[in-house]
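In the working numbering, each number is its position in the sequence shown, counted from 1, plus 133.
For reference, the structure is listed below as structure tokens.
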Amino acid sequence: MSALDECHARGFLWKAMGMCSNLKIEVNKCLRAERLDRTAENREMAMQKRARMKAMWAEIDANS
Numbered sequence: 134m135s136a137l138d139e140c141h142a143r144g145f146l147w148k149a150m151g152m153c154s155n156l157k158i159e160v161n162k163c164l165r166a167e168r169l170d171r172t173a174e175n176r177e178m179a180m181q182k183r184a185r186m187k188a189m190w191a192e193i194d195a196n197s
């Protein structure tokens, strides 16, 4: 990201001519990978929470 910031700091024409495009693509790939990792982790945590809740409700139903 710092390389992209440095490229943007060179001025408007540098950005307008597409000189920063490759850096932008690399930053986007990195951010996407981080987001996908976070999404997978959140999904796993949600599945575990659902399983715990289902077990709790099953226990409540069994004791009723």
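Beta carbons: idealized from backbone N, C-alpha and C, even for Gly.
Rounded to the nearest angstrom, the gap between the Cα atoms of R183 and A195 is 18 angstroms. Relative to I158, the option among E167, L137, M180 whose CA is nearest is L137. For the segment 143–194, the continuous alpha helix (DSSP H) assignments of 4+ residues that do not extend past its boundaries occur at 145–149, in sequence order. With fewer than 16 neighbouring CB atoms inside 10 Å of its own CB, C163 falls in the exposed class.
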